[in-house]
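A short write-up of the structure that comes next.
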Amino acid sequence: DSGVTQTPKHLITATGQRVTLRCSPRSGDLSVYWYQQSLDQGLQFLIQYYNGEERAKGNILERFSAQQFPDLHSELNLSSLELGDSALYFCASSAGTGGLQETQYFGPGTRLLVL
Amino acid sequence: GESVGLHLPTLSVQEGDNSIINCAYSNSASDYFIWYKQESGKGPQFIIDIRSNMDKRQGQRVTVLLNKTVKHLSLQIAATQPGDSAVYFCADRTGFQKLVFGTGTRLLVSP
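One line per chain: the protein sequences are E and X, in this order.
272 is the number of the first residue of the first sequence in this note's numbering; add one for each residue after it.
71 is the number of the first residue of the second sequence in this note's numbering; add one for each residue after it.
Next comes the structure, spelled out in structure tokens:
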């Protein structure tokens, strides 16, 4: 158990809908990262938040957004969902800003299925 | 880009054998490397990491070797067990930039 929690574990929804995925980082960790893992794309970095502020952005679509709250939990919002958004979404956390030798610990993921 | 699933390279070993999983990286400026293990239906789990100023690091039953000359990283698992069956990912990072994950390798351990 990494100490990172994610809810829900599974999510089934329809195209065009909006969903929110939730992540609680390990106790004391200030950074939260979101990744998407699909069969044909592997682990793709989406976005990082550090202590409430956006720190780094990866391959995140404009339909997707995230935020980190004062209690350091984070939410990833996916809107206008398309079939191709079906994937595993992972949250990871790390102690600081994500620099040298800073390990990211992953949560169990949320499996999203868009029908 | 990276790929997983049906097109994953697969390494099949017998229980008790030593396993070697290889990874090539492209950025010669990368200074931090990490191996993750991902079991079916679970998130990636940290195994071991190494900084670019080292060429070898050992953990419990695992060893990571780094060859910066040819930009190659390997993970050696001693006395492989059925519980080691998983997909293994390497990742590298340059400074404060994002982790870049490599193509996963599926390790299958038969009893």
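Don't be surprised by glycine CBs; every beta carbon is placed ideally from N, CA and C.
Remember, predicted model here, so these are calculated numbers, not experimental data.
Neighbour-count burial assignment, residue i, 16 or more Cβ in a 10 Å radius
i: aspartate 162 of chain X; result: buried
i: threonine 278 of chain E; result: exposed
i: threonine 175 of chain X; result: buried
i: aspartate 119 of chain X; result: buried
i: aspartate 125 of chain X; result: exposed
i: valine 140 of chain X; result: exposed
i: phenylalanine 171 of chain X; result: buried
i: lysine 280 of chain E; result: exposed
i: threonine 80 of chain X; result: exposed
i: isoleucine 318 of chain E; result: buried
i: glycine 313 of chain E; result: buried
i: glycine 165 of chain X; result: exposed
i: glutamine 130 of chain X; result: exposed
Assigned secondary structure, residue i (DSSP; H/G/I helix, E/B strand, else coil)
i: serine 82 of chain X; result: strand
i: aspartate 162 of chain X; result: strand
i: leucine 354 of chain E; result: helix
i: aspartate 119 of chain X; result: strand
i: glycine 329 of chain E; result: coil
i: leucine 76 of chain X; result: Any answer about leucine 76 of chain X is weak, because its pLDDT of 45 lies below 50 and its placement is not dependable; what the coordinates show is given next. Three-state DSSP puts leucine 76 of chain X in a helix.
i: glycine 313 of chain E; result: strand
i: isoleucine 90 of chain X; result: strand
Reference residue i, options the options, closest by Cα
i: isoleucine 283 of chain E; options: E/Phe377, E/Leu354 and E/Tyr376; result: E/Leu354
i: phenylalanine 377 of chain E; options: E/Ala358, E/Leu292 and E/Pro296; result: E/Pro296
i: leucine 78 of chain X; options: X/Val157, X/Thr133 and X/Ala149; result: X/Val157
i: cysteine 160 of chain X; options: X/Ser82, X/His142, X/Ser89 and X/Gln130; result: X/His142
i: serine 144 of chain X; options: X/Cys93, X/Gly113 and X/Ser89; result: X/Cys93
i: glutamine 108 of chain X; options: X/Ser82, X/Gly153 and X/Lys168; result: X/Gly153
i: leucine 349 of chain E; options: E/Asp272, E/Ser309 and E/Arg289; result: E/Arg289
>> With three or more C-beta pairs closer than 8 Å as the rule, is the region 301-309 of chain E touching the region 362-378 of chain E?
In response: yes
> Between the region 331-346 of chain E and the region 98-108 of chain X, do three or more beta carbon pairs fall short of 8 Å?
Replying inline: no
> Which ranges would you report for the alpha helix (DSSP H) in the region 274-305 of chain E if only whole runs of at least 4 residues count?
Replying inline: Annotation note: the region 274-305 of chain E contains no uninterrupted alpha helix (DSSP H) run of length 4 or greater.
>> Extract the residue ranges of the beta strand (DSSP E) inside the region 99-153 of chain X, only unbroken runs of 3 or more that lie entirely within it.
In response: 102-108, 115-121, 126-128, 132-137 and 142-147
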